[in-house]
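What follows is one structure encoded as structure tokens, with my remarks underneath.
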Amino acid sequence: MKKLLLLYTGGTIGMVQDQKGILVPFDFNNITENVPELSRLDYQVVVISFDPILDSSNMNMDSWVEMASIIEKNYYDYDGFVILHGSDTMAYTASALSFMLENLAKPVILTGSQLPIGEIRTDAKENLITALEIAAAKDEHGHAIVNEVCIYFDYKLFRGNRAKKTEANKFEAFSSPNFPILAEAGVHINFNSEVLMPRSEASFVVHKKLKNPISLLKIFPGISPAYVHAVTSAQGVKAIILEGFGAGNTCTDDWFVASLQQAVASGILILEITQCIGGNVEIGRYETSKHLAKMGVVGGLDLTFEAAITKLMFLFGQELSLNEIASQLTQNLRGEITA
Ligand code: ASP
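So in numbering that gives the first Met the number 0, spot 112 of the sequence shown is number 111, and the numbers just go up one at a time.
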């Protein structure tokens, strides 16, 4: 019998309304009570709960280390892993875990829901049951079909480090504009074998050191010199994610260029990604990004913000030189970037 580990971290899926009508997390047992279907599955499902369980807005690097450690400890005893997680920061967690878990040869599927599992119109049951089925799915040789960290939500399986929460209310909460979906669940679960990660033959490695000397500069028309200066000169910052317009354009005012130049001169790495939901950064395509090329800003191609920030946390955790970090940022480590 296939054995799956279900890690419950929190999120709407297991929430109830308190007396004031506010959604707060509650004990995981209510989930199993609310999904009698779980006992009809052909798998042994072992449950581990975070203590305390979290609204995913409270996730941080320690939470990711805890998840990675639980998977590391149980890796060889289970066929697959399902992580129940709030949808708000699910794409960050999926991206972080994708970098932390190297040479995965088993599925790690994150899922959650937009409505609590006890509500009549809930999307939780389908998400949970199909996520378990995907985590148990094997090919004709008995190997896992999915060998990567994914998000399953509303009938679609996404590569974790390509996914974004793009909808606050609809059941269709996630999308991955720059990458095809890995599977779609209808009458059958149809896997897109052309884009799924191949099974790694190398040994499984878990990286548990993450560092966060990172800040974000999201530009907008009318941005002030004081604001840009505050971000680019903040203490302890070693990397700035610059969210530019379109294909990586920014304003070209002297004060703006000088602020970025100063940051680079003081040893800060600048990684540029686009504010657009889809497409990629192409520094130098327009006059309004040529100055970035000259000062050595790294173009993040089609990285999502979630993948960019967690990749930086992972690379800084590896104690690499800035040059090495800059070079790895544009390399494809876990399917996160179209290099
Ligand atoms: N606030 C919740 C969370 O992220 C929302 C959800 O689960 O969808 O934990």
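From the three backbone atoms N, C-alpha and C, an ideal C-beta is built for every residue, glycine too. Model, not experiment: these values are computed from the prediction.
As for any alpha helix (DSSP H) of minimum length 4 sitting wholly inside the stretch 75-121, the runs are 89-99, ordered along the chain. Looking at the DSSP output, Leu268 shares a beta bridge with Ala238. Under DSSP, Gly9 forms a beta bridge with Leu53. Taken through DSSP and simplified to helix, strand or coil, Met14 comes out as strand. Ranked by Cα distance from Gln330, the first of Ser48, Phe98, Leu103 is Phe98. In this structure, Ser62 has its CB at a distance of at least 8 Å from all heavy atoms of the ligand ASP. The beta carbon of Ile128 sits closer than 8 Å to those of Val34, Glu36, Leu37, Leu40, all from its chain and outside the five residues before and after it, given in chain order. Listed in chain order, the non-local C-beta contacts of Ile144 below 6 Å within the same chain comprise Ala136, Asp138, Phe190, local neighbours out to five positions each way being set aside. The distance from the Cβ of Phe152 to that of Ile180 is about 10 Å, inconsistent with a contact at the 8 Å cut-off. When secondary structure is reduced to three states using DSSP, Leu3 falls in the strand class.
With a cutoff of 9 Å on beta-carbon distance, Phe49 and Asp122 are scored as not near each other.
Residue Ile150 holds the alpha-carbon nearest to the alpha-carbon of His84 among Ile150, Val64, Val44, Glu118. Its chain contains Ser86, Gln113, Phe152, Asp153, Lys164, Thr165, Glu166 as the residues whose beta carbon lies nearer than 8 Å to that of Ala172, once the 5 sequence neighbours on both sides are disregarded; these appear in chain order. For the stretch 123-158, the continuous alpha helix (DSSP H) assignments of 4+ residues that do not extend past its boundaries occur at 123-135, in sequence order. With 16 or more other Cβ atoms inside 10 Å of its own Cβ, Thr110 counts as buried. Only buried fits Gly334, as 16 or more other CB atoms lie within 10 angstroms of its CB. Here Ala292 carries a helix assignment [DSSP, helix/strand/coil].
Relative to the ligand ASP, Leu53 has its C-beta within less than 8 Å of a heavy atom.
Exposed is the label assigned to Tyr75, since fewer than 16 other Cβ atoms lie within 10 Å of its Cβ. Burial is judged here by how many other beta carbons sit within 10 angstroms of a residue's own beta carbon; Met0 has fewer than 16 and is exposed. Excluding sequence positions up to five before and after Lys289, its CB lies within less than 6 Å of the CB of Gly283, all in the same chain and listed in chain order.
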